[in-house]
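One structure is given here, and the rest of the page talks about it.
There are 2 protein chains.
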Amino acid sequence: MTNQRSAALQYAHENSDRFLEELKDFVAIPSISTDPERKADLQQAADWVAQQLRDTGIQNVKVMPTGGHPVVYGESLSAGETAPTVLIYGHYDVQPADPVDLWKSGPFEAEVRGDNLYGRGATDMKGQVLASIKAVEALARNGALPVNLKFLIEGEEEVGSPNLGKFIREHKELLACDVALNPDTGMIAPDKPTITYGLRGLAYFEVRVYGPDHDLHSGVFGGTVHNPAQALCELIAGMHDSNGHVTLPGFYDKVRDLEEEERAELSRLGVNEAVYLDQTGAPALWGEPEYAPIERTGARPTLEVNGFLSGFVGEGGKTVLPSKAMAKISMRLVPDQDPEDVHEQLLQYLADNASNAIRYEVDKMVGSPASISDRNSSYVKAMEDAMEAVWNSKPLFKREGGSVPVVGQFQEILGVESVNTGFALPDDNMHSPNEKLHLPTWYRGIDALINFFLNLEG
Amino acid sequence: MTNQRSAALQYAHENSDRFLEELKDFVAIPSISTDPERKADLQQAADWVAQQLRDTGIQNVKVMPTGGHPVVYGESLSAGETAPTVLIYGHYDVQPADPVDLWKSGPFEAEVRGDNLYGRGATDMKGQVLASIKAVEALARNGALPVNLKFLIEGEEEVGSPNLGKFIREHKELLACDVALNPDTGMIAPDKPTITYGLRGLAYFEVRVYGPDHDLHSGVFGGTVHNPAQALCELIAGMHDSNGHVTLPGFYDKVRDLEEEERAELSRLGVNEAVYLDQTGAPALWGEPEYAPIERTGARPTLEVNGFLSGFVGEGGKTVLPSKAMAKISMRLVPDQDPEDVHEQLLQYLADNASNAIRYEVDKMVGSPASISDRNSSYVKAMEDAMEAVWNSKPLFKREGGSVPVVGQFQEILGVESVNTGFALPDDNMHSPNEKLHLPTWYRGIDALINFFLNLEG
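Protein sequence lines correspond, in order, to chains G and F. Read in our numbering, the first sequence has 2 at position 2, and its numbers run on one by one without any break. Read in our numbering, the second sequence has 107 at position 107, and its numbers run on one by one without any break.
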């Protein structure tokens, strides 16, 4: 065992330059899933991943069709029935590169400058996908794989994974496993390995308010009908109290309290008010005063207006009294909130507060529950130890504000928890121009994953 | 005198078919002032009006350039210095015809069906302009004109008369008069001649709220910054109390109380809640409960959201936390509110209520005061008698919710009141497809104007 560990680590270090060259090839494929003209590039990226898996000795590798871009699957079950089976999740698609003129080198040139590899998808998440494969390669070249492995690498994460739920459901047997590894979350600093144990869920709605049956002249009718834009503003304004709490009836009923130990752990992350002010550029912070910003984004549910449209919004003025108004409103959910409950709470709030001078409609667009993993599970412990061995520092535990629906889907459909980690850094410009991957952190990540798989062997 | 009256009325009746043919020619010119490609049509309409004036025997007729479409001017000063001088206002431009496919006959075909002439501008206000000219023609063909006359027919009313204020200021001497006649307001029913003695003013603003300095991920930052869309909703929601009163500090301070006599007069109009429900199609009416709808639209100031835009408003969902939000907000003003005061009141309201976690900007776009005319002036009396003689019914006195800035400009720059009337009906589809002019009402209108000019002679 120790033999395989040191041999695998040594192999990874000796082959680091080749690993980087391979990553550059991967990043150079413009697999932008939002762009319908990139279909062939998506296919190419899927084939590239499949070939990597085959070269690594993974069995039964297939590029499987979905309603959209294909899923790459592969497995290695040679560790036997007593060894755990880890399902490794990843995605080979990337965000668009716009605005391209803000990039210092071409988004698909995969240029190394200093300690970083620059390119769209370098950190989100081609680097993370390849780190997993390279860790497996290093182990496979230096002994038998210590665990059974399955790979599920999709091509539609950046467009909201519209076909993934169906795929998982239809291939439940194929994907059966004991735990999932999701390296699509990041670290909070290069010297601070991080495990994300909580992810927020999402409930997303479009609310439309209707008043008069046609646009009116504001001079002729203003003051006699409930202006739908105003009515929707009133409804939205009432969704928070003056302390930033959400007022939907029952919204907090199932919210799991933050334990003192968790709060202490979160405060150790050092992401204080100054960091939030700097990262947002807002004139001041806002929100529930009894929680720190890091708690508000990760451990507390929130409600945001994502968009609002009504009436005349062009240049100049038009004295229209609009006949309708629309808002996109979404809630980030925490355990144990149920997206269905939140839908009902929104409907109840509207029924309680809407005036009889308007009508309204609500479309439910997305509903995914929050997920939280057991921080004391053997899988999380395996990752904790793996990271500590590499960084000489205990990893931090983080709850993340975003939603990673696949984590919830694995919980719901496959009945397994995910170990959420990754080697992306906050300044990696994810989704922005000049996306980059910090290479020293990436190499440490490969080492950590080698350790992780070995630690799982027990 | 009596001789000229009966002769002029008889002349008008005998020439009614020719008057209609001339109006059809006028309506057939697509003088859409909002459409930059219609510049030649606007010029043609101006020339057409100028020729009509010349044919009527009006002197000094000129098509005068402005920064936009020209103004047609003409005068007849033969009644001498002791006779009053009436400035007749009108506009030869029309609204766009969209959506064209909803018209039963082409918008510029000027088709007569039943008692109505259909065409864009038939009632707003080519019919009204020509009624004034034809009344003058009927008088001029049957004696000397009883009053001095000046015509000011502009071509930019439907785009907010951007060059008219400057024109009036620069031609103050030329336009000097004792009273203005503005036939651009209408009647409330074919059997109810109407004089509009009050018009609301307008103050129009764009309010922009800024929060974070870039769009944020709602999962990563939601709950820590004051969402600008939400903040603007909160500010807008607070601009009315639960009874529909505007809460801007001092908003009602200068509002002239409605006198009991006026309220009785307004209620005589018969425009009750059922009429407003029918005309708006709203599920229920809304507004200040202590005032009837007709009082709310005409005699009370109001505040409306004319437009609102923030964040993602396309199909589907995007979990953006927008960096800014914009609303168009306008107030209809009544005597003696000052648009400048209202600007200050809005700024004060925002200063008092905006959170320190956002920034905001306010652009003032339009500011025109309300106007109210002396219902007992000799000019109004002359119109009252003129209408009663034609309809055998005392005209109703109305305050209108809309704003006719030229009335305020005549007051401010020329120091004269306007007699506001006209022969448009509520179902004339002004600004909508199938605009029409009710011909029996139009002919009565010409008769009434003949009487009006003769009554002014004293």
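The beta carbon of each residue, even a glycine, is placed where N, CA and C say it ideally should be.
Practice task
Answer yes or no: does any C-beta atom of chain F fall closer than 8 Å to that of residue 222 of chain G?
Solution key: Answer yes: the Cβ-Cβ gap between residue 222 of chain G and chain F drops below 8 Å somewhere.
Note to self: In whole angstroms, give me the CA-to-CA distance for residue 133 of chain G and residue 394 of chain G.
What the structure shows: Looking at the two C-alpha atoms, the distance is approximately 24 Å.
Cβ closer than 8 Å: which chain F residues qualify as neighbours of residue 312 of chain G? Under the 8 Å cutoff, chain F gives 306, 307 and 328.
Please decide whether residue 188 of chain F counts as near chain G, where near means a Cβ-Cβ distance under 8 Å.
no
message: Which residues in chain F have a C-beta closer than 9 Å to the C-beta of residue 421 of chain G? List them in chain order.
response: Correct list: empty, because the minimum Cβ distance to chain F is about 17 Å.
Handout entry: Selection from G:137, G:151 and G:77 that minimises the alpha carbon distance to residue 92 of chain G
Key = G:151
For residue 327 of chain F: DSSP bridge partner residues = F:207 and F:308
* Asked: Is residue 197 of chain F helix, strand or coil when you go by DSSP?
  -> strand
Taking the straight line between their C-alpha atoms, what separation do you get for residue 123 of chain G and residue 331 of chain G? 27 Å
Item checked: Buried versus exposed, by CB contacts within 10 Å (16 or more), residue 84 of chain G -> buried
*asked:* Against chain G, with Cβ distances strictly below 8 Å, would residue 216 of chain F count as a contact?
replied: Interface flag for residue 216 of chain F against chain G is set, since a Cβ pair is found closer than 8 Å.
Is it right to say residue 95 of chain G is buried, meaning 16 or more other beta carbons lie within 10 angstroms of its own, or is it exposed?
buried
Limits of the unbroken alpha helix (DSSP H) element including residue 26 of chain F:
16 to 27
- Query: By Cβ distance below 8 Å, which residues in the same chain neighbour residue 407 of chain G in space, the five residues on each side in sequence not counted?
  - Reply: 180, 182, 199, 371, 418 and 420
Discussion item. For a cutoff of 8 Å on Cβ pairs, would you count residue 318 of chain F as touching chain G?
Written reply: yes
Bridge partner(s) assigned by DSSP for residue 182 of chain F
Per DSSP, F:420.
Residue nearest to residue 98 of chain G in terms of C-alpha spacing, selected from G:30, G:316 and G:216
G:30
Task: Cβ-based contacts, 9 Å cut-off: residues of the region 361 to 373 of chain F near chain G - done: 365 and 366
| query | Taking one C-beta from the region 228 to 236 of chain F and one from the region 305 to 319 of chain F each time, how about it: are there three or more such pairs within less than 8 Å? | reply | The region 228 to 236 of chain F is in contact with the region 305 to 319 of chain F.
* Which word fits residue 104 of chain F, buried or exposed, when buried means at least 16 other C-beta atoms lie within 10 angstroms of its C-beta? -> So residue 104 of chain F ends up on the exposed side.
Span of the beta strand (DSSP E), counted from its first residue to its last, around residue 398 of chain F
Looking at the DSSP string, the run of the beta strand (DSSP E) that includes residue 398 of chain F is 396 to 400.
task = Examine the Cβ distances between the region 16 to 34 of chain F and the region 125 to 143 of chain F and report whether three or more of them are shorter than 8 Å.
result = yes
Whose C-beta lies closer than 6 Å to the C-beta of residue 121 of chain G among residues of the same chain, with five residues either side of it excluded?
27 and 94
Exercise for the section: Pick out whichever of F:13, F:197, F:60 and F:57 has its Cα sitting closest to the Cα of residue 377 of chain F. Expected result: F:197
* Any idea which residues DSSP pairs residue 152 of chain F with across the strands? -> F:73 and F:89
Among F:75, F:318 and F:206, nearest to residue 159 of chain G - alpha-carbon criterion:
F:318
#### Entry: Beta-carbon proximity list for residue 265 of chain F, same chain, < 8 Å, skipping 5 on both sides
396 and 397
Item to complete: Check each residue of the region 280 to 292 of chain F: if its Cβ is closer than 9 Å to any Cβ of chain G, include it; give the result in chain order.
Response: 280, 281, 282, 283, 284, 285, 286, 287, 288 and 291
Quiz item: Would a check of beta-carbon distances place residue 212 of chain F closer than 8 Å to chain G?
Solution: yes
* Could you give the C-beta distance for residue 334 of chain F and residue 301 of chain F, rounded to a whole number, given that I count them as a contact under 8 Å? -> 5 Å
For residue 39 of chain G, name the three-state secondary structure that DSSP assigns. helix
How about residue 4 of chain G and residue 454 of chain G: are their beta carbons less than 8 Å apart?
yes
Could you tell me whether the region 237 to 250 of chain F touches the region 430 to 444 of chain F, using the rule of 3 or more Cβ pairs below 8 Å? Judged by Cβ distances under 8 Å, the region 237 to 250 of chain F makes no contact with the region 430 to 444 of chain F, as fewer than three pairs qualify.
Alpha helix (DSSP H) runs wholly inside the region 103 to 167 of chain F, at least 4 long, in chain order: 127 to 140
Cβ neighbour criterion (16 or more within 10 Å) applied to residue 194 of chain F
Only buried fits residue 194 of chain F, as 16 or more other CB atoms lie within 10 angstroms of its CB.
Exercise for the section: Flag residue 333 of chain G as yes if its beta-carbon sits less than 8 Å from any beta-carbon of chain A, otherwise no. Expected result: Of the chains in the structure shown, none is chain A; the protein chains are G and F.
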